[in-house]
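Residue numbers (my numbering): 43 to 720. Note that beta-carbon positions come from the ideal geometry of N, C-alpha and C, so glycine has one too.
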Ligand code: ADP
Ligand code: ZN
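Quick look at the structure:
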């Protein structure tokens, strides 16, 4: 079967996503491949589909048991024979895998890298006829990355031993990691390499300045009630207080952080994976193990560490391609905290400088004046146009030439020898009378009272933005006093000007991003009913809801409202196996009671042969008692009709062979007419 047909028939997808086809073609052709694709880009399909087309079993090396089990479950749900050998297996599961291997029916075998350290495994793989190796999360071979898994280093050995093509997949794209992957997995020989862009167009991007952050998070969550989301928090304590606040507001929320014991962490991971609509308030410890495709939103209650971590964390949302929302909160304290964290870290000086740079890139994004996505993707080396799908595209910010106030602020800092924080500097600019100003005689400075045209709040926003543009940095040796950076010199000297946002000052108490429903108001009740059916079926099966159908598929059902199995088969995500297992149940939700069709006919749903079958059936009914209605009644079985419908290059002789002379006499001419119509 060609790749396109497998894509629809087995996986239920109408088209390849960006970049998938090239990778699939290369993998099918047996090339060594390295594919770098953003999270949610659809990497798994790029080895799962070729696995069905190549001879032998495909060995998939994947770092996490939970992910493997999920993929195996997903594959079985679409009718593909797959299994995993993990330490979490029951005896029966392991036996079934072995049986499938021995019989040569298993298409995909998932395995943790640790298995490779036992010589027995390597020999077993040699014996069972492996057709190719797929490596998920290939960056785990990188000794420098934070996901390093020493056993990944054995994969190169496995490839040499089996001498089969290897396809490696990762979402981590920096050049060093790539070089290491090629060295460790491909013995330094450049594989066919595919780099897909970083854009995740279905994710809406938004930042807000903190202003009553708890209320901001609650407002954001309230507008997305019932949808699965993650709130990333800077501290363990905050994960707990926020989860409580959300529960008090009648959400279902729990917390997750590295201080919890392993058992409780696993419980949260499992609940999140399976339940529809759970919110997890977590530290960044909630990370790689999450493979849930239908996370509808991600909020940051605190500023992430760097632009890379921001991208990775928001990237967990919307992997199924359906709309997803993000909101990142930040404030001057976050900036101070992140700077301090870098300065106090143990990294060598050049590494610290690089980290400041990556934090600057994130702050630049937070304080951006134009399209967020453009700013983000430009950082990753792309050259996009404005996206129309971020808060700044939704509502362009009001800006003003802030050169004069910025110079005032810099001058206030310099004239007090860079020993003070924003609070005191603002008091000076506003001409306030405080004890501190009195004691230090700061009321005699030339900058005293020169900034009265702005309010205290406005000055705070200006200082925050100055920190965001890295014009001033808190100095830990001076208890956080603000010091000017080299970036600020041209502005101070009058050689450069600077534009800042005005609305982030005035709209700090904004109404939050606009609520985006998954479907229109008109389709919403049907969508809820479809979700309820999905939940019911998932609970019966004891698996996560998205294994039945993902959100994107339900959205399409709610919008297109298929009224029979043929129309149902045309929905994205509905392959042959799922149509068979769940088609009727969901049709009943959409269209009420469904006319029962013969199982033979159901198998043809969504295919041209289905319509041919219907016409054959009609012709047969007409001819039941012969052309004149006077003969002995005769009718074909459903399976005979299905065979006829699928007949290629039909002629009278072929029909006789298939149906027997008696039936061919009665129905042959009429059937041939139908078969030759198209
Ligand atoms: P990744 O591993 O790259 O993060 P996955 O392989 O988990 O992404 O795929 C993410 C989601 O996209 C899954 O729900 C998958 O079913 C879906 N998907 C993959 N390819 C397609 C496609 N061609 N059309 C529609 N959905 C797809
Ligand atoms: Zn935009």
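According to DSSP, simplified to helix, strand and coil, what is residue 526? Start at 1 with the first residue of the chain shown, and residue 526 comes out as number 484. Three-state result, residue 526: strand.
Using three-state DSSP, classify residue 200 as helix, strand or coil. Working through the chain shown from its first residue, we reach residue 200 at position 158. Correct three-state label for residue 200: helix.
What ranges does the beta strand (DSSP E) occupy inside the stretch 360-386, keeping only unbroken runs of at least 3 residues that lie completely in it? 366-372
For residue 614 versus residue 58, is the C-beta spacing smaller than 8 Å? Along the chain shown, one-based indexing puts residue 614 at 572. Along the chain shown, one-based indexing puts residue 58 at 16. Contact: no.
Below 7 Å, is the gap between the Cβ of residue 416 and the nearest heavy atom of the ligand ZN? Counted from its first residue, the chain shown places residue 416 at position 374. Indeed, a heavy atom of the ligand ZN lies less than 7 Å from the Cβ.
In chain order, each alpha helix (DSSP H) run of at least 4 residues that lies wholly inside the stretch 578-653: 587-590, 593-602, 607-611, 626-633 and 641-644
Assign residue 282 to one of three DSSP states: helix, strand, or coil. Within the chain shown, numbered from 1, the residue matching residue 282 stands at position 240. Helix, per DSSP.
If you follow the beta strand (DSSP E) that residue 271 is in, where does it begin and where does it stop? Stepping through the chain shown from its first residue, residue 271 is reached at position 229. From DSSP, the beta strand (DSSP E) with residue 271 extends over 271-274.
By alpha-carbon positions, which one of 395, 372 and 340 ends up nearest to residue 410? Mapped onto the chain shown, residue 410 falls at position 368. Closest by alpha carbon: 372.
In terms of residues, what are the limits of the alpha helix (DSSP H) holding residue 262? Within the chain shown, the letter at position 220 stands for residue 262. Element bounds for residue 262: 255-264.
Kindly examine the ligand ZN and report whether one of its heavy atoms sits closer than 7 Å to the Cβ of residue 435. Reading the chain shown from its first residue, position 393 is the one you call residue 435. Answer for residue 435: yes, Cβ within range of the ligand ZN.
Check the Cβ-Cβ distances between residue 302 and every residue of chain D, and say whether any is below 8 Å. Protein chain content of the structure displayed is limited to a single chain, and chain D is not contained in it.
Whether or not the stretch 271-288 and the stretch 306-325 are in contact is what I'm after, with contact meaning three or more pairs of Cβ atoms, one per stretch, closer than 8 Å; do they touch? yes
Any non-hydrogen atom of the ligand ADP within 7 Å of residue 244 CB: Start at 1 with the first residue of the chain shown, and residue 244 comes out as number 202. Checking every heavy atom of the ligand ADP against the Cβ of residue 244, none is found closer than 7 Å.
Which of helix, strand or coil does DSSP assign to residue 298? By 1-based counting over the chain shown, the position of residue 298 is 256. Of the three classes helix, strand and coil, the one that applies to residue 298 here is strand, per DSSP.
On the criterion of 16 or more Cβ atoms from any shown chain inside 10 Å, does residue 110 qualify as buried, or is it exposed? Taking the chain shown and counting its residues from 1, the one referred to as residue 110 is at position 68. That one is buried.
Is the Cβ-Cβ distance between residue 142 and residue 125 less than 8 Å? One-based indexing of the chain shown puts residue 142 at position 100. One-based indexing of the chain shown puts residue 125 at position 83. Yes, the pair counts as a contact, with Cβ atoms nearer than the cut-off.
Under the DSSP definition of a beta bridge, which residues are partnered with residue 450? Within the chain shown, numbered from 1, the residue matching residue 450 stands at position 408. DSSP lists no partner for residue 450.
Residue 360: beta carbon under 7 Å from a heavy atom of the ligand ZN? If you number the chain shown from 1, residue 360 lands on position 318. The answer is no for residue 360.
Could you spell out the range, first to last residue, of the beta strand (DSSP E) harbouring residue 250? On the chain shown, position 208 is the one that residue 250 refers to. Start and end: 249-251.
Using CA coordinates, which residue listed in 524, 199 and 488 is at the minimum distance from residue 505? Looking up residue 505 in the chain shown gives position 463. Comparing Cα-Cα distances from residue 505 to each of 524, 199 and 488, the minimum goes to 524.
Nearest-angstrom Cα distance between residue 643 and residue 660? Walking along the chain shown from the start, residue 643 turns up at place 601. Walking along the chain shown from the start, residue 660 turns up at place 618. Rounded to whole angstroms, residue 643 to residue 660 spans 13 Å at the Cα level.
Could you tell me which uninterrupted alpha helix (DSSP H) segments, each at least 4 residues in length, are contained entirely in the stretch 479-524, listed from first to last along the chain? 498-510
Can you tell which of 465, 415 and 407 has the C-alpha that lies nearest to the C-alpha of residue 512? For the purposes of this step, residue 512 is taken as the residue at position 470 of the chain shown. It is 407 whose Cα lies nearest to the Cα of residue 512.
Best match in 582, 405 and 238 for proximity to residue 515 [C-alpha to C-alpha]: What you label residue 515 is simply residue 473 of the chain shown in a count that begins at 1. Checking every option, the nearest Cα to that of residue 515 belongs to 405.
8 Å contact criterion, which residue 307 and residue 78 should meet: CB distance rounded: Working through the chain shown from its first residue, we reach residue 307 at position 265. Working through the chain shown from its first residue, we reach residue 78 at position 36. With a Cβ gap of about 29 Å, residue 307 and residue 78 do not count as contacting.
According to DSSP, residue 417 sits in a beta bridge with which residue or residues? Along the chain shown, one-based indexing puts residue 417 at 375. For residue 417, which the question treats as bridged, DSSP gives no partner whatsoever.
Shorter than 7 Å, the distance from the beta carbon of residue 57 to the closest heavy atom of the ligand ADP, or not? Numbered from 1 along the chain shown, position 15 holds the residue referred to as residue 57. The answer is yes for residue 57.
Nearest-angstrom Cα distance between residue 146 and residue 401? Looking up residue 146 in the chain shown gives position 104. Looking up residue 401 in the chain shown gives position 359. Cα to Cα, the separation comes out at about 52 Å.
Over what stretch of residues does the beta strand (DSSP E) that includes residue 219 continue unbroken? In the chain shown, residue 219 corresponds to position 177, counting from 1. No beta strand (DSSP E) contains residue 219, which is instead part of the alpha helix (DSSP H) from 217-228.
Closer than 7 Å to a non-hydrogen atom of the ligand ADP - does that hold for the CB of residue 85? As a position in the chain shown, residue 85 is number 43, starting the count at 1. Yes, the Cβ of residue 85 comes within 7 Å of a heavy atom of the ligand ADP.
Flag this pair as yes or no: are the beta carbons of residue 433 and residue 248 separated by less than 8 Å? Residue mapping note: residue 433 aligns to position 391 of the chain shown, counting from 1. Residue mapping note: residue 248 aligns to position 206 of the chain shown, counting from 1. Yes, the pair counts as a contact, with Cβ atoms nearer than the cut-off.
Same chain, Cβ closer than 6 Å to residue 704, five either side skipped, listed in chain order: Mapped onto the chain shown, residue 704 falls at position 662. Excluding positions up to five away in sequence, the list is empty.
Of the residues 290, 658, 508 and 128, which one's Cα is nearest the Cα of residue 710? Residue mapping note: residue 710 aligns to position 668 of the chain shown, counting from 1. It is 658 whose Cα lies nearest to the Cα of residue 710.
Quick one: what's got a C-beta closer than 7 Å to residue 469's C-beta in the same chain, skipping five residues either side? Locating residue 469 in the chain shown gives position 427, where the first residue counts as 1. Within the same chain, residue 469 has close Cβ partners 476 and 479.
Cβ of residue 165 within 7 Å of any heavy atom in the ligand ADP? Translated into the one-based positions of the chain shown, residue 165 becomes position 123. Because no heavy atom of the ligand ADP lies under 7 Å away, the Cβ of residue 165 does not count as near it: no.
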